[in-house]
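Everything in the sequence shown is counted per full-length UniProt numbering, starting at 1 for the first residue and increasing by one. A virtual CB, placed ideally from N, CA and C, is assigned to each residue, including glycine. See structure below.
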Amino acid sequence: MNNKRTLFKELPLEIENVDKDAYEKFKVPNLKQFRGILVGPKKYYCHPCYKYIGLEYYNFQSRSDDVYILGVMRSGTTLVSELAYLLVNDLNFQKAAGEDLHERVPNLEAYLASKIFIGQKAVYGVGLLKFDTTSLLRDHVKTLDGEVNQRCIRSHLPISLLSPHIFDVGAKVIYCARNPKDVIVSNYHFYRLFQEEHFNSFKDYFRMFKSSKLAFLPYFEHLKEGWARRNNPNFMFIFYEDLTRNKRKYIKKISDFLDIYVSEEALDELEEHLDINKFKTNSTINLDSVRKMGFLSKNESFIRKGEIGQWKKYFTGDLEREVDEWIEENLTGTDIDFPDY
């Protein structure tokens, strides 16, 4: 195991500006968006401020006992983050109930947003929010550097944009994947959760997702980076569908992966705690502190249904054929096989 860390003076990733004319073509009317940049050989779509803070993420110092929860947004990282936190904190449910999940398991790149305050406004995702607090968007790099306890860290950045030091020190990494159709539906509602986020239609959102004009896409490149590491002994690749359909089994698999013993009684407690009906009413998970500030739509929820196959209500007819062709095209030549429940 190599504990020696190489500090980069410059980000070793090529950055390309999105052409203005091309941006105008895919821009959705009446929706606040950012003209992004394309990062690395896979051309991941990022906010322009990544130019200035991407190096912080790439140079982030990992520890051998860190637990990383990675994946495309809305792929199950919230569920796994709560589970991982409880496992490494001796199932201290009382402690977990006293602090929001986004503080207990910080999102490493949340500061991509807070770097761009304009008065009391911050860019989040593709829109503007009026924030009078930065608790959700603080500089988690500095916060995590000062953390004395074992750290659980969440990120939606693709692996190639994260620090190589994660793998040098032997940190544990759990990569969460989910059927892209359900990922798209869940992300659509996530963007609508913020009051100023309104795509004209689900079709508009799907086309943006498919063309990788949203943060940290393309989806399949992100997924393939995780899949390529699945046989690494410190890397666990899981499908959301398997986790939710076989919750007890996967709680045990994850605890074994983290070298943490859990009794049958503890498995009972965890299984009950992670039940979707409890999960979506858990105020420390469901962004209730942000909702109280008036920034979230009354018609949407951070934790929604958590169901498998919700996509069937959205992808029908020609749109279903289009998404199926897109998936088939991107999975050709791979052995990635999404669970069929």
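Secondary structure of residue i, DSSP reduced to three states
{"i": "residue 327", "result": "helix"}
{"i": "residue 122", "result": "Residue confidence is low: residue 122 scores 41 on pLDDT, short of 50, so the model does not pin down where it sits. No coordinate-derived value is stated."}
{"i": "residue 73", "result": "coil"}
{"i": "residue 42", "result": "coil"}
{"i": "residue 107", "result": "strand"}
{"i": "residue 84", "result": "helix"}
{"i": "residue 272", "result": "helix"}
{"i": "residue 96", "result": "helix"}
{"i": "residue 184", "result": "helix"}
{"i": "residue 173", "result": "strand"}
{"i": "residue 68", "result": "strand"}
{"i": "residue 8", "result": "coil"}
{"i": "residue 206", "result": "helix"}
{"i": "residue 17", "result": "strand"}
Alpha-carbon spacing of residue i relative to residue j, whole angstroms
{"i": "residue 185", "j": "residue 69", "result": "21 Å"}
{"i": "residue 163", "j": "residue 264", "result": "37 Å"}
{"i": "residue 267", "j": "residue 252", "result": "7 Å"}
{"i": "residue 275", "j": "residue 333", "result": "36 Å"}
{"i": "residue 157", "j": "residue 317", "result": "33 Å"}
{"i": "residue 192", "j": "residue 168", "result": "39 Å"}
{"i": "residue 342", "j": "residue 94", "result": "Nothing can be reported for residue 342: it is not among the residues displayed for the chain, which extend from 1 to 341."}
{"i": "residue 246", "j": "residue 96", "result": "24 Å"}
{"i": "residue 338", "j": "residue 282", "result": "29 Å"}
{"i": "residue 71", "j": "residue 21", "result": "31 Å"}
{"i": "residue 27", "j": "residue 329", "result": "25 Å"}
{"i": "residue 221", "j": "residue 183", "result": "15 Å"}
{"i": "residue 131", "j": "residue 63", "result": "Caution is warranted here: a pLDDT of 40 is assigned to residue 131, below 50, making its placement in the model unreliable, and the coordinate value is therefore given only provisionally. For residue 131 and residue 63, the distance between alpha carbons rounds to 32 Å."}
{"i": "residue 81", "j": "residue 92", "result": "14 Å"}
{"i": "residue 175", "j": "residue 105", "result": "15 Å"}
{"i": "residue 99", "j": "residue 207", "result": "37 Å"}
Residue closest to residue i, alpha-carbon to alpha-carbon, out of the options
{"i": "residue 189", "options": "278, 205, 178 and 179", "result": "205"}
{"i": "residue 6", "options": "60, 27 and 224", "result": "60"}
{"i": "residue 143", "options": "109, 320 and 161", "result": "109"}
{"i": "residue 165", "options": "328, 8 and 331", "result": "8"}
{"i": "residue 18", "options": "11, 43 and 10", "result": "43"}
{"i": "residue 87", "options": "67, 25 and 154", "result": "67"}
{"i": "residue 257", "options": "238, 140, 284 and 244", "result": "238"}
{"i": "residue 227", "options": "203, 200, 331 and 50", "result": "331"}
{"i": "residue 344", "options": "203, 178, 83 and 323", "result": "Here the chain has residues from 1 to 341 only, and residue 344 is not among them."}
{"i": "residue 241", "options": "11, 79 and 13", "result": "79"}
Residues of its chain near residue i, where Cβ-Cβ distance is below 7 Å and the 5 sequence neighbours each way are ignored
{"i": "residue 326", "result": "210"}
{"i": "residue 225", "result": "158, 159 and 160"}
{"i": "residue 65", "result": "150"}
{"i": "residue 271", "result": "247, 248 and 251"}
Own chain residues within Cβ distance below 6 Å of residue i, not counting five before or after
{"i": "residue 48", "result": "37"}
{"i": "residue 235", "result": "173 and 229"}
{"i": "residue 231", "result": "none"}
{"i": "residue 218", "result": "212"}
Cβ-heavy atom distance, residue i to the ligand COA, below 6 Å
{"i": "residue 324", "result": "This structure does not include the ligand COA; it has no bound ligands of any sort."}
Contacting residues, own chain, Cβ-Cβ under 8 Å from residue i (five flanking each side not counted)
{"i": "residue 119", "result": "Unreliable positioning characterises residue 119 in this predicted model, as indicated by a pLDDT of 27, which lies under 50. A coordinate reading is not provided."}
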